[in-house]
Structures are given as structure tokens and as C-alpha cells.
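Novice: Its first residue numbered 79, the sequence shown is counted upward by one per residue in the working numbering.
Questions regarding the structure given below will be posed in turn.
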Amino acid sequence: REIAIPILGGHERIHLIEPLDYQPFANLMNMAYLVLTDSGGIQEEAPALGKPVLVLRTETERPEAVSAGTVKMAGVEEQAIFEIAMGLLQDQEAYKRMSRAVNPYGDGKASGRILDAILERFKN
Numbered sequence: 079r080e081i082a083i084p085i086l087g088g089h090e091r092i093h094l095i096e097p098l099d100y101q102p103f104a105n106l107m108n109m110a111y112l113v114l115t116d117s118g119g120i121q122e123e124a125p126a127l128g129k130p131v132l133v134l135r136t137e138t139e140r141p142e143a144v145s146a147g148t149v150k151m152a153g154v155e156e157q158a159i160f161e162i163a164m165g166l167l168q169d170q171e172a173y174k175r176m177s178r179a180v181n182p183y184g185d186g187k188a189s190g191r192i193l194d195a196i197l198e199r200f201k202n
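Structural data, given as C-alpha cells:
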């Protein structure tokens, strides 16, 4: 936070906030156009919402997301992050490719399939 506040604190469309509980965070992520993160978990969750993800690291433990096209490694250099983010903000086709890429972590319908299997198992 000490680094981010002087750089990003005055921008109208950037909100620096305290950590949130999961549901409010998921709601904010769903309203975002683009997600920038260094978190491994968010690399899995944002694609389920159709949000392109830029990973602000040099490595990821989620290479399947990069291969699927839902995540791009942006690195840690300011200029590279800026250029990649601006590319997605300005190039609708590139944005659509990422936001519509097949989610490597599933289709979001697992709970329904689990419920169906349980109901089928306990029928009569």
C-alpha cells in the first residue's frame, strides 16, 4: 500500500481499499473490465466471470490459464504492464479473445452436476 498510494491514490477510476470478504470482492471483480493481480487464486476466479487477467509477476503456478488465453503474464516492469493493459483497453478484439476464452478451471456448473448425481444416487 505504501508504494501504491502515492502512485495510484489520486486517480478517479482507481480505488485503493482495505481487503474485503469474499462476496464483496467477487462483486467488485465482476464489475471490473480488466483484472490486474499478483494473486494465484484470482487467476482462477476472474476467468469464470469473463474477465481478462494480467498477472503482475514473472511466474505463475497457473500456466493452464496462460495457455487457455484467459491470463497474460505482464511481469513487474511498469512500462510493460502499462502497454499490455492499454493494449487490452484499446483493442476490442484482443479483449474479446481473452474474455471469451475457454476457462481451464471449468464451466461453473459443477455444483449442479454434483446435486444431480446425489439426487440420482438416493432415488428410491
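Even glycine gets a Cβ: it sits at the ideal position worked out from N, Cα and C.
Model, not experiment: these values are computed from the prediction.
How big is the Cα-Cα spacing for Leu158 and Gly165?
Specialist: A quick correction: the sequence has Ala, not Leu, at residue 158. Roughly 10 Å between the two C-alpha positions.
Novice: Work out the CA separation of His89 and Gly185 for me, nearest whole Å.
Specialist: The amino acid at residue 185 is misidentified as Gly; the sequence shows Asp. Between Asp185 and His89, the C-alpha separation is close to 35 Å.
Novice: In three-state terms, what does DSSP make of Leu166?
Specialist: DSSP places Leu166 in helix when its eight states are reduced to three.
Novice: Give me the Cα-Cα distance between Gln121 and Arg191, rounded to the nearest whole angstrom.
Specialist: Their Cα atoms are separated by approximately 24 Å.
Novice: If you drop the 5 nearest sequence neighbours on each side, which residues of the same chain put their C-beta closer than 8 Å to that of Ala172?
Specialist: Closer than 8 Å at the Cβ level, and outside the excluded window around Ala172, lie Gly165, Leu166.
Novice: In whole angstroms, what is the alpha-carbon distance linking Leu197 and Glu161?
Specialist: For Leu197 and Glu161, the distance between alpha carbons rounds to 50 Å.
Novice: Opposite Leu94 in the DSSP bridges: which residues?
Specialist: In the DSSP output, where bridge partners are listed per residue, Leu94 has none listed.
Novice: So, with DSSP's three-state summary, where would you put Lys150?
Specialist: Of the three classes helix, strand and coil, the one that applies to Lys150 here is strand, per DSSP.
Novice: Once the 5 residues before and after Val180 are set aside, which same chain residues still bring their CB inside 7 Å of it?
Specialist: If we look at Val180 and ignore the five residues flanking it on each side, its Cβ neighbours are Ala146.
Novice: How big is the Cα-Cα spacing for Val149 and Gly128?
Specialist: Between Val149 and Gly128, the C-alpha separation is close to 11 Å.
Novice: Determine the extent of the alpha helix (DSSP H) in which Leu86 is found, giving its start and end residues.
Specialist: Unbroken alpha helix (DSSP H) run through Leu86: 82-86.
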